[in-house]
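Asker:
2 protein chains.
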Amino acid sequence: MTQTTNFRPIMSDAMLFEAIEAEKTSVGYYTLPFQDTARIKAYAATVTQKHIAIIGIGGSTLGTYAIYSFLRDATVLPKTLHFFESTDPLDIGARLKFIDLENTLFVVVSKSGTTVETLSIFKYLHSLVTIDKDNCVIITESDSSLNSYALSEGIRTFEIPKNVGGRFSVFSPVGLVPLAIVGVNIDALLEAAAEVHDSFFSRDEVYDNLMKKARFLVENKNEYNINVIFSYSTMLEGFNQWYVQLWGESLGKVDATGTKQGLTPVGLIGPVDQHSFLQLIVEGVRDKTVTFVVIDDFFSSAMIPEITLKGLESTDNVNAITFSKLIQMQAEATIEAIDALQDVPFDVITVAKVNEANIAKLMYSYELLTSLCAKLMGINAYNQPGVESGKIILKKKLKT
Amino acid sequence: MTQTTNFRPIMSDAMLFEAIEAEKTSVGYYTLPFQDTARIKAYAATVTQKHIAIIGIGGSTLGTYAIYSFLRDATVLPKTLHFFESTDPLDIGARLKFIDLENTLFVVVSKSGTTVETLSIFKYLHSLVTIDKDNCVIITESDSSLNSYALSEGIRTFEIPKNVGGRFSVFSPVGLVPLAIVGVNIDALLEAAAEVHDSFFSRDEVYDNLMKKARFLVENKNEYNINVIFSYSTMLEGFNQWYVQLWGESLGKVDATGTKQGLTPVGLIGPVDQHSFLQLIVEGVRDKTVTFVVIDDFFSSAMIPEITLKGLESTDNVNAITFSKLIQMQAEATIEAIDALQDVPFDVITVAKVNEANIAKLMYSYELLTSLCAKLMGINAYNQPGVESGKIILKKKLKT
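Here you go:
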């Protein structure tokens, strides 16, 4: 008996890569690392206000928050960012307590220019303090109504390119303008993202990793419909939130055959969630993949002192260890425990240092991974038709 | 043709209720609403420090944080809580910036008394400030090594009953002591929890709701393995985190037949996550149930002013609406959109006001629901054997 098998992946690596390359002409985020930042840096240098209030929601703020919250405790940033995202009245009130409105720059970010949360908060702040060209900058599409407003008021604007979607916009002015203002080295961000770009498109290391990972996640999506990121630092909480949006909103789609697709993102923080979600990973249904993100060097010398407390002698095993080392050991212990199970698919991303380059690499890689998964799933990563119906219902309610 | 069918649920409602009633003799959380709080209130009244630092992790802090963060912006609490949970050195450093160590009470919470994170942070704080009976209180089991330490130092202690697990301990001294200190009405919490208890055990409204919900979730667990809570207020972020632990760690278990069980909790905040996860719910795979938590009255009169901005006239439809009303309309619009899909199972919990009674009712109901689901799944809700292996590996690493 002879047999010639024709079984092969629906989409080969070569086809997938070709499809992504073709997308570069219409999808804007791929080339953002190569933009000229001179105008942004020049503007940022002129900002005199101490507090920077970002008014925006979803893709307009999550990326900025991810980078800002990663860097703020490890770096000395001269200014502070405050995020006005929710229409929750108590949240707005609580955030106002932390800023001096007279010494605040208002950064309004809305791609469409008509986001109800953003405009409502903007109007409200308007009733508390004069907002004009001296304390406001607007980031929006070139033909939005928010842009018309800015023009009529002489307010400085930065443009969000039409072909860059909100959740893929962190390396556009959406992220770069506020980050440059608070003192983040935005060129270091873009150089690192460019490195990942080049490694992928020259089919180097990043290509090998991401192609393999995307294929595994998509080929096993019916078995493992939940993708957990387990980040070992509270500084990565913003990154987790950004990942949840990127993954959930890009990959939850109806495909060309009418089938509902979707991979559910979950963001965990270690060691805190070792005392929470870990039990479910270890003994629960095998419906999850896990990606650990571990930081090598926290730039902190804080150490558990060499003291013995009466009755607590058994805890002396942590004496004279730095917290930096302890959290690493906790991550390693959890990874080894998961590895020992042998049936929970996992991988580990190690971040050498807390700096601009590493958070940019992490985020740009995840953008590429998202694009790859969407292509393999036969869906459009860049739209979000499913959220329109709620918006239409809200509009009707507002009219009555 | 005649047929007599014997098909019936594996466990009838009567059997389930009986099993829960039987559990009340060995599982401690059920009767916590009926404890005497006199000693806790008397102690709380003696605390003079302005800052209250809780040192604990997981079940030792999540419930306290859920109640504290729900109430703090709507109520005037005379003192502030600060949570030291993670061994992340940058997180510890950031939190220290907000407290005056000389004017701080340290509340150490650890059931076992040897939690590595809690003890490491406690020792570290010891090296920064003298900690003794004048600025410390310890909440632990009666025979833990932390209790021995407290005894030898004359530090005040409150006991965690042996039969109350960490994630079910919010209505024990674990939550009540720190909450009473910062000015929360703990009797109002317990009275409301008792109301839920009584309604359930007298087979009244709570019984009807929870039995139906538990049965749906468990009978459809293989189809809907993800249970989303979509809370419409940033004040419920702490509740979401507490829910994630309660649900994930209680229900992720191997059952009596050796089958891995588990339901995956996801916590979302509206309207922010309308711009993130909602797309996945609407167009993604039908593997999720959704529970909306909506607040009726935020006690806030903050309103979007009646101003028209040039170019932004289209946003005038939100003018003269309170944020309280707007966020409610956003929730309603999302709920209607989900309802229209007809194939996403959802329910709605309405919280009338932001106060002690309502957060307590919400949390106690979820504890009961968790117990019911575990019984139907044939698993033990109250242990967490799956996290032990990582702890053993860490202990080995610390020895070498």
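Top to bottom, those sequences are chains A and B.
Residues 1 to 400 in my numbering are what the first sequence lists, from first letter to last.
Residues 1001 to 1400 in my numbering are what the second sequence lists, from first letter to last.
Even for Gly, the Cβ is constructed at its ideal location relative to N, Cα and C.
Helix, strand or coil: how does DSSP classify Met-1(A) here?
Answerer: Looking up residue 1(A) in the first sequence gives position 1. Correct three-state label for Met-1(A): coil.
Asker: Thinking C-alpha only, which one of Thr-1004(B), Thr-1002(B), Gln-1003(B), Glu-1018(B) is nearest Met-1211(B)?
Answerer: As a working mapping, residue 1211(B) is identified with position 211 in the second sequence. Among Thr-1004(B), Thr-1002(B), Gln-1003(B), Glu-1018(B), the Cα nearest to that of Met-1211(B) is on Glu-1018(B).
Asker: Among the candidates Val-1272(B), His-1197(B), Thr-1370(B), whose CA atom is the shortest distance from the CA of Thr-118(A)?
Answerer: As a first step, residue 118(A) is located in the first sequence; it is residue number 118 there, counting from the start. Among Val-1272(B), His-1197(B), Thr-1370(B), the Cα nearest to that of Thr-118(A) is on Val-1272(B).
Asker: Taking the alpha helix (DSSP H) that Val-358(A) falls in, what are its first and last residues?
Answerer: Taking the first residue of the first sequence as position 1, residue 358(A) is located at position 358. The residue you asked about is not Val; residue 358(A) is Asn in the sequence shown. Run containing Asn-358(A): 356-377, per the alpha helix (DSSP H) assignment.
Asker: At least one CB of chain B closer than 8 angstroms to the CB of Met-235(A): is that the case?
Answerer: Residue mapping note: residue 235(A) aligns to position 235 of the first sequence, counting from 1. Yes, because at least one Cβ of chain B sits closer than 8 angstroms to the Cβ of Met-235(A).
Asker: Tell me where the alpha helix (DSSP H) around Pro-1173(B) begins and ends.
Answerer: Position 173 of the second sequence, counted from the start, is the residue given in the question as residue 1173(B). It spans 1173-1181 - the alpha helix (DSSP H) in which Pro-1173(B) sits, taken as one unbroken run.
Asker: Check the Cβ-Cβ distances between Glu-332(A) and every residue of chain B, and say whether any is below 8 angstroms.
Answerer: Working through the first sequence from its first residue, we reach residue 332(A) at position 332. Yes, Glu-332(A) counts as interfacial toward chain B.
Asker: Against chain B, which members of the region 168-186 of chain A pass a CB distance test of less than 8 angstroms?
Answerer: Those residues of the region 168-186 of chain A that come within reach of chain B (Cβ to Cβ, closer than 8 angstroms) do not exist; the list is empty.
Asker: Tell me where the alpha helix (DSSP H) around Ile-1229(B) begins and ends.
Answerer: The residue labelled residue 1229(B) in the question sits at position 229 within the second sequence. Careful: Ile-1229(B) lies outside any alpha helix (DSSP H), inside the beta strand (DSSP E) at 1226-1231.
Asker: Give me the DSSP bridge partner(s) of Glu-1159(B).
Answerer: As a position in the second sequence, residue 1159(B) is number 159, starting the count at 1. For Glu-1159(B), which the question treats as bridged, DSSP gives the partners Thr-1140(B).
Asker: If the cut-off is 9 angstroms on Cβ atoms, which residues from the region 1269-1294 of chain B count as contacting chain A, listed in chain order?
Answerer: Residues Ile-1269, Gly-1270, Pro-1271, Val-1272, Asp-1273, Gln-1274, His-1275, Ser-1276, Phe-1277, Leu-1278, Gln-1279, Leu-1280, Ile-1281, Val-1282, Glu-1283, Gly-1284, Val-1285, Arg-1286, Asp-1287, Lys-1288.
Asker: Could you tell me which chain A residues have their CB closer than 9 angstroms to the CB of Lys-1253(B), listed as they occur along the chain?
Answerer: The sequence position of residue 1253(B) within the second sequence is 253, counting from 1. What Lys-1253(B) touches in chain A: Gln-279, Leu-280, Glu-283, Gly-284.
Asker: Just checking: is the beta-carbon of Pro-1033(B) within a distance shorter than 8 angstroms of some beta-carbon in chain A?
Answerer: For this step, residue 1033(B) is matched to residue 33 along the second sequence. False, the Cβ-Cβ gap to chain A never drops below 8 angstroms.
Asker: Here's the rule I'm using: 16 or more other beta-carbon atoms within 10 Å means buried, otherwise exposed. How should Val-282(A) be labelled?
Answerer: As a first step, residue 282(A) is located in the first sequence; it is residue number 282 there, counting from the start. Buried, because 16 or more other Cβ atoms sit within 10 Å of the Cβ of Val-282(A).
Asker: When the Cα of Ser-365(A) is compared with those of Val-206(A), Ala-331(A), Glu-219(A), which residue comes out closest?
Answerer: The sequence position of residue 365(A) within the first sequence is 365, counting from 1. Of the listed residues, the one whose Cα sits closest to Ser-365(A) is Val-206(A).
Asker: His-1126(B) versus chain A: which residues are under 7 angstroms apart at the beta carbon?
Answerer: Residue numbering aside, residue 1126(B) sits at position 126 when the second sequence is read from its first letter. By Cβ distance, chain A contributes Pro-305, Ile-307.
Asker: Mapping DSSP to helix, strand and coil, what is Val-1290(B)?
Answerer: The residue you call residue 1290(B) lines up with position 290 of the second sequence. Three-state DSSP puts Val-1290(B) in a strand.
Asker: Check the Cβ-Cβ distances between Gly-1093(B) and every residue of chain A, and say whether any is below 8 angstroms.
Answerer: Locating residue 1093(B) in the second sequence gives position 93, counting from the first residue. Interface residue, yes.
Asker: Output, in chain order, the set of chain A residues within a Cβ distance shorter than 8 angstroms of Lys-1310(B).
Answerer: The sequence position of residue 1310(B) within the second sequence is 310, counting from 1. Chain A residues near Lys-1310(B): Ser-148, Tyr-149, Ser-152, Glu-153.
Asker: Quick check on Ile-1295(B): does DSSP put it in helix, strand or coil?
Answerer: On the second sequence, residue 1295(B) is found 295 positions in, with the first residue counted as 1. Strand, per DSSP.
Asker: What residues from the region 375-398 of chain A come within 8 angstroms of chain B, judged by C-beta to C-beta, listed N to C?
Answerer: Per Cβ criterion, the list reads Gln-384, Pro-385, Gly-386, Val-387, Ser-389, Gly-390, Lys-391, Ile-393, Leu-394, Lys-395, Lys-397, Leu-398.
Asker: Tell me the rounded alpha-carbon separation between Ser-1148(B) and Ile-1160(B).
Answerer: For the purposes of this step, residue 1148(B) is taken as the residue at position 148 of the second sequence. For the purposes of this step, residue 1160(B) is taken as the residue at position 160 of the second sequence. Those two C-alpha atoms are separated by around 14 angstroms.
Asker: Just to make sure I have the definition right: I need the residues of chain A whose C-beta is within less than 9 angstroms of the C-beta of Gly-1165(B). Which are they?
Answerer: Counting from 1 along the second sequence, the entry for residue 1165(B) is found at position 165. Result: empty, since nearest Cβ-Cβ is about 12 angstroms, beyond 9 angstroms.
Asker: Grouping DSSP H, G and I as helix and E and B as strand, with all else coil, what is Ala-1019(B)?
Answerer: As a working mapping, residue 1019(B) is identified with position 19 in the second sequence. Ala-1019(B): helix per DSSP, three-state reduction.
Asker: Quick one: list the residues of chain B neighbouring Phe-298(A), beta-carbon separation under 8 angstroms, in chain order.
Answerer: For this step, residue 298(A) is matched to residue 298 along the first sequence. Those are Asp-1088, Pro-1089, Leu-1090, listed as they occur along chain B.
Asker: Compute the Euclidean distance between the alpha carbons of Asn-222(A) and Asp-287(A), then round it to the nearest angstrom.
Answerer: The residue given as residue 222(A) occupies position 222 in the first sequence. The residue given as residue 287(A) occupies position 287 in the first sequence. Distance between the alpha carbons of Asn-222(A) and Asp-287(A) is about 8 angstroms.
Asker: Pair every Cβ in the region 96-110 of chain A with every Cβ in the region 47-64 of chain A, then say whether three or more of these pairs are closer than 8 angstroms.
Answerer: A contact exists between the region 96-110 of chain A and the region 47-64 of chain A.
Asker: What number of angstroms, rounded off, separates the C-alpha of Thr-264(A) from the C-alpha of Leu-246(A)?
Answerer: For this step, residue 264(A) is matched to residue 264 along the first sequence. For this step, residue 246(A) is matched to residue 246 along the first sequence. Spanning the two alpha carbons is a distance of roughly 11 angstroms.
Asker: By the DSSP assignment, the beta strand (DSSP E) with Ile-1052(B) in it spans what residues?
Answerer: Position 52 of the second sequence holds residue 1052(B). It spans 1051-1055 - the beta strand (DSSP E) in which Ile-1052(B) sits, taken as one unbroken run.
Asker: Does the beta carbon of Gln-1261(B) come closer than 8 angstroms to any beta carbon on chain A?
Answerer: Position 261 of the second sequence, counted from the first residue, corresponds to residue 1261(B). Closer than 8 angstroms to some Cβ of chain A, the Cβ of Gln-1261(B) qualifies, so yes.
Asker: Going by C-alpha to C-alpha distance, which of Glu-219(A), Thr-315(A), Glu-332(A) sits closest to Gln-274(A)?
Answerer: In the first sequence, counting from the first residue as 1, residue 274(A) sits at position 274. The option with the nearest alpha carbon to Gln-274(A) is Glu-332(A).
Asker: Tell me whether Tyr-1150(B) sits in a helix, a strand or coil according to DSSP, three-state version.
Answerer: Taking the first residue of the second sequence as 1, we reach residue 1150(B) at position 150. Residue identity check: residue 1150(B) is Ala in the sequence provided, not Tyr. Helix, per DSSP.
Asker: Nearest to Thr-140(A) by alpha carbon, out of Ala-150(A), Ile-186(A), Lys-133(A)?
Answerer: To locate residue 140(A), count along the first sequence from 1; it is residue 140. Among Ala-150(A), Ile-186(A), Lys-133(A), the Cα nearest to that of Thr-140(A) is on Ala-150(A).
Asker: Compare the C-beta of Ile-160(A) with all C-beta atoms of chain C and state if any pair is closer than 8 angstroms.
Answerer: The chain inventory of the structure shown lacks chain C, comprising the protein chains A and B.
Asker: Note down, in chain order, each residue of its chain lying with its Cβ closer than 8 angstroms to the Cβ of Leu-1251(B), except the 5 sequence neighbours on either side.
Answerer: As a position in the second sequence, residue 1251(B) is number 251, starting the count at 1. Once the five neighbours on either side are set aside, the close Cβ partners of Leu-1251(B) are Gln-1261, Gly-1262, Leu-1263, Thr-1370, Cys-1373, Ala-1374, Met-1377, Ile-1379, Ala-1381.
Asker: For Pro-33(A), which beta-bridge partners are listed by DSSP?
Answerer: Residue mapping note: residue 33(A) aligns to position 33 of the first sequence, counting from 1. Paired residues: none, contrary to the question.
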